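Respectively, the protein sequence lines represent chains Y, A and G.
Be aware that the first sequence starts at 40, since it is given in the numbering used here, and climbs by one per residue.
Be aware that the second sequence starts at -17, since it is given in the numbering used here, and climbs by one per residue.
Be aware that the third sequence starts at 2, since it is given in the numbering used here, and climbs by one per residue.
Data block below; observations after.
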Amino acid sequence: MASSILYRIAAFDTPLLSLTVDGRPVQSRQGESVLAAMLTSGEHVRRHENGGEPRGGFCLMGACQDCWVWVGPGERGRACTTLVADGMQISTSPDPRFD
Amino acid sequence: MECRSRLLQTPALTRIVIVGAGPAGIAAAELLSRASVEVTLIDEALHPGGQYHRAPASGLNLDMGRLLGAGYVEYKTFHKDAAAVCAKVDYRPGMLAWSVHGGAVHVASRSATQALGFDALILATGATDRIMPVPGWTLPGVFTLGGAQALLKDQGCLIGRRVVVCGSSPLLYLAAVQYLRAGGEVAAVIDTTRFLDKLRALPDMLVAPNVLSSGLRHLVELKRRGVKIVHGATIDVFEGEGRVAAVLCTLPNAAPLRIACDAVAYGHGLRPETQLAELAGCALRYDAVQRNHVPDTDLDGRAGQGIYIAGDGGTIGGGQAAAVSGSLAAAAVLRDFGLSTVDIDLAARRRLLQRLRRFQRGLATAFRWPSERAMLLDDAVILCRCENVTFGEVRAALDQQGGTAEVNRIKAASRCGMGRCQGRFCGAGLAEVVAASAQQSDRERDRLRVQAPIKPLPISLAMDVSP
Amino acid sequence: MSSIDFDVAIIGGGLVGCMTAYALRKRGRSVVVLERGHVGGESSGVSFGSLRLQGQHDAELPLALRAQDIWESIEAELGESVEFVRHGHVHLALNAEHHARLENNARQCRAQGMDITLLDRDMTLRRWPFLSGEVVASSWSSRDAVVNPRLVAPAFARAAQRHGAIIREGVNVLGVEHGGGRFSLHGRTGDGAVEIITCEALINAAGAWSGTLAAQFGETIPLFAAGPAELVTEPVPPFAAPVMHVVDGSILFRQTSRGNVIIAGHPRLSVDAEARRSRVPPDKIVTNLARLVAIVPKMRAHHVIRSWTGIEGYVEDMMPVLGPSATTPGLYHACAFSGHGLQLGPAAAVAIAELITDGATTMPIAPFDIRRFFASGQPRTLHLAEEFQDDVRSPHIGRG
């Protein structure tokens, strides 16, 4: 069982979506934020560019900018204010194909 | 300083733009919509409410009644009103207002940006948590107090199963109560302010007895549920490897206390989002009680040059004050532009606002910002989390610079404040470090200079623009 | 009122003023720098940061080469980092006219002994695969470098101070008199106190405000103010080592060692030199982003996090004013660097220091004589219409 940070206490009654986070399959539902999907199934959203230590968001309201992730090849999004989409390929680090 | 709006002749009004659909913005929009003037309401979020009335994301089955308790009535009323208002005005959710320039506010989505010219601009941009760094504050599992509440309401998630709520703010108690109601475990509430200081501020807080009593009710509920509450503590470390695992704190005249947890909700009050006001040319002044820089406005929110400020983005006041100030700002616009006035009791609202602001001053005294911590934090502690700049690096920059210390120079030399958040979360700590340094500095004048875009602007929006 | 006396007083604490103070101290002259705000707080601090040789004007290239010699050992001399990095500079051509300019520039550079490599489209895209097919050719100069402009003036101020220079911030020079072979300056500090400084030699390094000072001595520098449009992105995974620069100046960018991409591009902006206020208009931000993404498509994934500009002094022929006053012995001008004073700075500083101590300089500064503005015939006019925003006020472009 993957460890996680966040703990969900209310469910979405919306369509089930399939995502991947760093290639790992993750179940989600429409309306969930990328950050919630990542941190209910994992322990960080990114690694800091200058230091490499794990970061897991902070302000959760789009102000601290500490939760920027890759939400597809060549596409970035702020995890706390970006909603998941079906088939989204989320990455905690830069996509080497894109570079 | 009183800001007077003296218009030699009443200018023509073609468009009012409001930025922010929280309690202040919606109250302003509501009043203006009654006066039948054209209003464009911009909001970065997808639904109205701001932080104060944050609503669940679409499709989330969250029992807000249970969560908010006595606050539910106000919440439901707000959202009913907001829905009606948003249907009446030109409401644009999901748009980032990233600059104000030349009489227009620039708003962007991922794919395009647009300039919205205005005759009057009401800025209701709200606030964020104010943070004093703690060793380990960048660990996964450590979140802001406001963030913990936002996540619960918006996404139906607790930040952890066993949470420490800490800092200095009346919101500590509200957040802890909401967590308990949501089925979470609150390992402790660690309040850095002393009980005595809270008692001393009682006279100021008595001017808003409803707000005070609801705060006390939260305290009682927490005690009844056996939640450990400590006052006057120093937060020493958020401990953990890869994620937070415990909070180490010290009480006066007692041994350090280690509280095991898997998440932390942390904050020391709020700081207003003043970036658009500053870009719009508003003067800012330093509020020594709140220890924030705030736009310089009159009581109705006039900042001059067609700019009006309402809500926490003008001065921290709470949700009720936000709504009142929103309506006052809107009324001011109507009067300044010679439009049909809406029948509201201005005098009563102003009196209420004054009372609520006095209450806030009491709160600022009771739940004081621990400014002196900045001097005591070890060199290795991170001050700027965007750029990973430590207190030591900032102190070294101060020593190296010599001469008159000034935050923008220290930013240039140390990179503190140069990251994506543009100083929102390191700014308060940086100001204290610079103010405490040996060199002369002007706490009143000294603050990080704002530049557009006020939040990261997607380069993708320029793809369809001809170069 | 008592006065303090120095061999040399420098008005203006930008990089030129601080570098000159340092050079003078090394030559044993007592020196004071008088700066109204903070050292490096105006033009010096807002520069793109490029130490560019390629594409420099023919008349400036000899001085630029001498300056680069100094830049290449500057950190060793200062004993601290200014983030000097040498990864070269690439000029890009997007059309045939640009291509012709690249070839012309290459000829000029080679004539001065510089090593320039011209690359065709295929070679360019192979070498720098992040570039789009809009690029038709490029020219690469290996000796060009970059530096962090925000660090430069403060570093030189400290170095000058270590050598005994006096750096006075927060001092506004209200008036200057000249008589009996000495200058007498009245300076006011922030708390209202007035100081008198006397000196034998005076250097005008007052940036966009140099014209006012020159006018007090009956000479004209037809200076106008403008600012560069600068942007910076969030950190991006490293992809571009050299500076990339479309040859007409419409867009240029460089990636710092931390990954942020700094972006600039013409036209330069109108600024308020009186109120000392300047901002990059939002439309300009969007235009520059559009230009960037046209040549580096993958940047569309990323975000701009800040814009800035500043107040710089330009003259119509886009060359500095460097050398002795035409009217007043003992007065020297080191200004009007027209947006490229960073690279030339160290050589300009040595030139003035040598003039003061030796009466002559080995630096090639003849083209920068102030008397060129009095000479008959029109000064060289460049593509000023392209390079400056319509509302930039200049006495000679014929606007405002």
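All residues carry an ideal CB built from backbone N, CA and C; glycine is no exception.
All of these numbers come straight from a predicted model, not from anything done at the bench.
One thing to note: leucine 184 of chain A has its Cβ no nearer than 8 Å to the Cβ of serine 151 of chain A. Annotated three-state conformation of cysteine 68 of chain A is helix, per DSSP. Using a CB distance cut-off of 8 Å, arginine 68 of chain Y does not count as an interface residue toward chain G.
Beta-bridge partners of tryptophan 351 of chain A (DSSP): none assigned. A contact between stretches requires three or more CB pairs, one per stretch, nearer than 8 Å, and the segment 209 to 226 of chain G meets this requirement with the segment 272 to 288 of chain G. Distances from the CA of isoleucine 298 of chain A to each of A:Arg253, A:Thr279, A:His29 were compared; the closest alpha carbon is that of A:Arg253. The C-beta of arginine 127 of chain G comes no closer than 8 Å to any C-beta of chain Y. The C-beta separation of aspartate 179 of chain A from alanine 348 of chain A comes to about 6 Å, placing the pair in contact by the 8 Å criterion.
A residue is called buried once 16 or more other Cβ atoms fall within 10 Å of its Cβ, and serine 195 of chain A, having fewer, is exposed. Counting along the chain, asparagine 192 of chain A sits inside no beta strand (DSSP E); it lies in the alpha helix (DSSP H) bounded by residues 191 to 206.
For the C-beta of glycine 126 of chain Y, not a single chain G residue is nearer than 9 Å; the gap to the nearest is close to 18 Å. For glycine 113 of chain Y, a Cβ of chain G is located within less than 8 Å of the residue's own Cβ. Interface with chain Y (8 Å Cβ-Cβ cutoff): histidine 303 of chain G is included. Tyrosine 34 of chain A carries a coil assignment under DSSP once its states are collapsed to helix, strand and coil.
When CB distances to chain A are screened at a threshold of 9 Å, the residues of the segment 255 to 288 of chain G falling below it are Arg259, Asn261, Arg280, Val281, Pro282, Pro283, Asp284, Ile286, Val287, Thr288, in chain order.
Taking a 10 Å sphere around the C-beta of glutamate 255 of chain A, we find 16 or more other C-beta atoms and assign the residue as buried. In the three-state DSSP reduction, isoleucine 286 of chain G falls in the helix class (H, G or I). For valine 147 of chain G, the CB contacts under 7 Å within the same chain, skipping 5 residues up- and downstream, are Gly50, Ser51, Leu52, Val86, Val244, Arg255 in chain order.
The beta-carbon of cysteine 106 of chain Y is placed no less than 8 Å from the nearest beta-carbon of chain A.
For the alpha helix (DSSP H) assignment, the uninterrupted runs of no fewer than 4 residues enclosed by the segment 113 to 146 of chain A are, from N- to C-terminal side, 127 to 137. Beta-bridge annotation (DSSP): alanine 10 of chain G is paired with G:Val33, G:Leu203. By the beta-carbon neighbour count (other beta carbons within 10 angstroms, threshold 16), glutamate 317 of chain G is buried. In the three-state reduction of the DSSP assignment, aspartate 218 of chain A falls in the strand class. DSSP lists no bridge partner for serine 45 of chain G. Look at serine 308 of chain G: its C-beta is under 8 Å from a C-beta on chain A. Put simply, the backbone Cα of histidine 213 of chain A is about 45 Å away from that of glycine 38 of chain G. Put simply, the CB of arginine 337 of chain A is far from chain G, with every gap to its CB atoms at 8 Å or more. Residue G:Phe338 holds the alpha-carbon nearest to the alpha-carbon of isoleucine 366 of chain G among G:Ile264, G:Arg127, G:Phe338. Within its own chain, the residues whose Cβ lies closer than 6 Å to the Cβ of alanine 158 of chain G, once the five positions on either side in sequence are excluded, are Cys19, Val40, Ile168, listed in chain order. Using a Cβ-Cβ cut-off of 7 Å, aspartate 52 of chain Y is close to Gly41, Asn43 of chain A, given in chain order.
With its beta carbon less than 8 Å from one in chain A, histidine 39 of chain G belongs to the interface. In the DSSP assignment, leucine 412 of chain A is bridged to no other residue.
Residue pairing by DSSP places threonine 22 of chain A opposite A:Val(-1), A:Asp72 in a beta bridge.
In the three-state scheme derived from DSSP, where H, G and I count as helix and E and B as strand, cysteine 19 of chain G is classed as helix. Closest in alpha carbon position to alanine 107 of chain G, among G:Ala327, G:Leu62, G:Val322, is G:Leu62. Here threonine 21 of chain G is buried. Its C-beta has 16 or more other C-beta atoms within 10 Å.
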